[in-house]
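Read through the structure below, which is laid out as structure tokens, and then see the notes.
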Amino acid sequence: MWRRAPKFPDPSGNKNGSAQERIDVDSFIQVYRDIDDLFEDEDEDEDIIEAEETKLKASAEAAAPVKEHTSTDADDDDDDPNIAMDEEAMEEKFKELCDASGLLSKDALRKWEEIETLIEEGMLGDDEFKQLWESTNKRPGTNLLDVDGFLSFNVALDDLFVFEEIEAEEVDPKNAKMSTDTDADTRTVLTEYDLPPGVIFAAIANKNLLVGLEDLKYWGEVQEVLGSGDLGEDEVKDMFSKIPKAPGFPDQIDEIGFSLLYDAINDLFEEEEDEDERMNVDIKRKDDLLSMVRKIDEQSEIPCGLDCSEAAQNKVLSLVEEIEKSQSNVVINGNVDNAFLVGVWDLVYTSSGMMRFNQGLTGLGGSVPNGKFAGLKQKLSSTKYMADVEYIESISAVPDTSSFEATVTGDWTLKKSVSLLTGNPSLIMAIEPDLVKYGPTSTRADHWKSVRSMNLLDITYLDDDTRVMRGNTSTDTIFIFRRT
1 MWRRAPKFPD PSGNKNGSAQ ERIDVDSFIQ VYRDIDDLFE DEDEDEDIIE
51 AEETKLKASA EAAAPVKEHT STDADDDDDD PNIAMDEEAM EEKFKELCDA
101 SGLLSKDALR KWEEIETLIE EGMLGDDEFK QLWESTNKRP GTNLLDVDGF
151 LSFNVALDDL FVFEEIEAEE VDPKNAKMST DTDADTRTVL TEYDLPPGVI
201 FAAIANKNLL VGLEDLKYWG EVQEVLGSGD LGEDEVKDMF SKIPKAPGFP
251 DQIDEIGFSL LYDAINDLFE EEEDEDERMN VDIKRKDDLL SMVRKIDEQS
301 EIPCGLDCSE AAQNKVLSLV EEIEKSQSNV VINGNVDNAF LVGVWDLVYT
351 SSGMMRFNQG LTGLGGSVPN GKFAGLKQKL SSTKYMADVE YIESISAVPD
401 TSSFEATVTG DWTLKKSVSL LTGNPSLIMA IEPDLVKYGP TSTRADHWKS
451 VRSMNLLDIT YLDDDTRVMR GNTSTDTIFI FRRT
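The sequence shown lines up with residues 1 to 484 when you count with the numbering used here.
Written out as structure tokens, the structure is:
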């Protein structure tokens, strides 16, 4: 029994100078149990043995030097049942690792599966393990750990990782970066429309309760217009760069800043909506005017409104006044040149008193037996050195084989001026007729008074396919041309 009990050499030795073997309290209890087992029946109440063990430990503690007691966390741990359970588990693990004498060597501890796993995964270095081993108290007179030393070693090991976790949680706000990976696990794309900015901000804000450019990917409405091309990424970046950033976060904005961004994006689309609305109004004005002109033609025997009623003339005049206000009117921009007007244009309406009286430009329609004005084309051409105009007037007659065309040629030019009636800037088309030809006949145009009706007209509306002109001195005189 003495040989089986763990012993410790007495450093002081005996009189002969040889080391004398000694046992501690735990070893003595083991010897005591072995002796007691020789004399006690197997079913004897073990309470007596436990009582004796308690007395022996109490005697040993009484004989130990008294230390000043200070309340520590360790004292609190003694009352914690979870910690007590952990210690019991560690004591069981120590029994598996220790040798027959109840002690644990450095090599045996190093081979413990827990330590090997930590080292293999890089969570514990060999130098850290060595430092923990050297700083742990050993059994007196040995370089081995007893159960108390093993528990101390594990407490130090746990403290090492607690410290690392605390370090990982300490973040400097000045250098904080938005973690979209973490946010992506909890946030989803906001698909509702027309939400107030505060609601959108709350839904897409990151863990810093701020919004960066990357967080805008959770704003579904913006992502949709980006995908459609109605809004460019550069536009968003430019607007975002102009928003004041949150203190300590140079690339993120708070809720106030997000409201400013929201308004900037909204204003952009409101401007586009206003532009679309204006375009729709312009289109309606033009459609209304051309529909009225077609209606007059359908109800008249002579084209271009030469025999329409005064009421119809007044209606056309009011519609012309509306279309002249349109944003599509290139005359308003003042950037009209000869090249814009080059081409063939059909006269679709006029309220000219001279043309109504002469039943056309040349008057031939009313002077030829069974003849009638059937339409007028204006052909404009322009080069670097000259600008030519040619009117082609169609005269229908009975029989149809008697129908013919009369042409008026001359020069044209554009002049910027000021209206004598309104005082506003105006664009004048000035035409100088040269010759009038029909059949084999050719005569000078300056002797043909009727062709003077379009010699000097203000261009008041112009787009790609429609031109409206007014008399320079009689603004109620209207000419409407359509490009063929």
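Don't be surprised by glycine CBs; every beta carbon is placed ideally from N, CA and C.
Paired residues, beta bridge with residue i - DSSP
i, result
"Val436", "Val408 and Thr443"
"Gly212", "Gln252"
"Ser417", "Ser426"
"Ile431", "Trp412"
"Leu190", "Trp219"
"Leu145", "Leu104"
Contact check, residue i vs residue j, beta carbons under 8 Å
i, j, result
"Gly198", "Gln252", "no"
"Trp412", "Val389", "yes"
"Asn472", "Ile428", "yes"
"Ser408", "Leu361", "First, the amino acid is wrong: residue 408 is Val here, not Ser. Against a cut-off of 8 Å, the Cβ pair of Leu361 and Val408 comes out as a contact."
"Val330", "Asp463", "yes"
"Ala108", "Leu118", "no"
"Ile323", "Tyr461", "yes"
"Val236", "Leu216", "yes"
"Gly353", "Phe404", "no"
"Ala246", "Asp254", "yes"
"Lys415", "Ala430", "yes"
"Ile204", "Trp219", "yes"
Chain D contact for residue i (CB, 8 Å cutoff)
i, result
"Ser105", "This model lacks chain D altogether; it includes just one protein chain."
Span of the beta strand (DSSP E) around residue i
i, result
"Gln378", "Gly371 to Ser382"
"Gly198", "No beta strand (DSSP E) contains Gly198, which is instead part of the alpha helix (DSSP H) from Pro197 to Ile204."
"Ile459", "Leu456 to Leu462"
"Met354", "From DSSP, Met354 is part of no beta strand (DSSP E) but of the alpha helix (DSSP H) over Gly353 to Asn358."
"Leu348", "Checking the displayed sequence, the identity of residue 348 turns out to be Val instead of Leu. First-last of the beta strand (DSSP E) with Val348: Gly343 to Thr350."
Identity of the residue in the options nearest residue i by Cα
i, options, result
"Leu144", "Phe94, Ala374, Glu121 and Phe240", "Phe94"
"Ser417", "Leu260, Ile459 and Lys449", "Ile459"
"Pro6", "Leu347, Arg139 and Asp400", "Arg139"
"Met123", "Leu160, Phe153, Ser328 and Lys130", "Leu160"
"Ala264", "Phe240, Ala339, Met469 and Ile302", "Phe240"
"Leu347", "Ala339, Gln378 and Pro247", "Gln378"
"Gly375", "Glu255, Gln223, Pro303 and Gly248", "Pro303"
"Met386", "Val368, Ala339 and Trp448", "Ala339"
"Asp230", "Ile431, Lys415, Asp337 and Leu268", "Leu268"
"Val147", "Ser101, Ser381 and Ile115", "Ser101"
"Phe153", "Met90, Asp34 and Lys415", "Met90"
"Gly248", "Leu209, Trp219, Glu270 and Asp276", "Leu209"
"Ser402", "Ala430, Asp158, Pro369 and Leu261", "Pro369"
"Thr441", "Ser367, Ala406 and Tyr262", "Ala406"
"Glu393", "Lys384, Pro399 and Gly363", "Gly363"
"Val281", "Lys325, Cys308, Glu270 and Glu301", "Lys325"
Cut-off 6 Å between Cβ atoms - residues of its own chain near residue i, not counting five sequence neighbours on either side
i, result
"Ala312", "Ile296"
"Arg467", "Phe481"
"Gly365", "Gln359, Gly371, Lys372, Phe373 and Ile395"
"Arg3", "none"
"Arg278", "Gln327"
"Phe479", "Thr350 and Met469"
"Trp448", "Val436"
N- and C-terminal bounds of the alpha helix (DSSP H) containing residue i
i, result
"Ala397", "Where Ala397 is concerned, there is no enclosing alpha helix (DSSP H), although the beta strand (DSSP E) it sits in stretches over Ala387 to Ala397."
"Thr117", "Glu113 to Glu120"
"Gly471", "Gly471 -> not in any alpha helix (DSSP H); beta strand (DSSP E) instead, spanning Thr466 to Gly471."
"Arg552", "Because the chain is modelled from 1 through 484, residue 552 falls outside the range shown and cannot be assessed."
"Asp126", "Asp126 to Ser135"
"Gly108", "Per the sequence shown, residue 108 should be read as Ala rather than Gly. Ala108 -> alpha helix (DSSP H) spans Lys106 to Arg110."
"Ser367", "Leu364 to Ser367"
"Glu235", "Glu233 to Ser241"
"Glu321", "Glu310 to Ile323"
"Gln223", "Gly220 to Ser228"
"Thr186", "Thr180 to Thr186"
"Ile302", "Careful: Ile302 lies outside any alpha helix (DSSP H) and carries neither H nor E."
"Asn335", "Run containing Asn335: none; DSSP gives neither H nor E here."
Cutoff 8 Å; reference residue i; Cβ partners in own chain excluding five residues on either side
i, result
"Leu319", "Arg285, Asp288, Leu289 and Met292"
"Ala156", "Leu132, Ser135 and Thr136"
"Tyr193", "Glu221"
"Thr484", "Gly343, Val344, Trp345, Asp346 and Lys377"
"Glu233", "Leu226"
Spatial neighbours of residue i in its chain, beta-carbon cut-off 7 Å, leaving aside the 5 residues before and after
i, result
"Phe258", "Pro197, Phe201 and Val211"
"Ala445", "Val408, Gly410, Pro433, Asp434, Leu435, Val436 and Val451"
"Leu104", "Phe94, Leu97, Cys98, Leu144, Leu145 and Phe150"
"Ser426", "Ser417, Val418, Ser419 and Asp458"
"Met355", "Leu306, Leu361 and Ser453"
"Asp127", "none"
"Glu121", "none"
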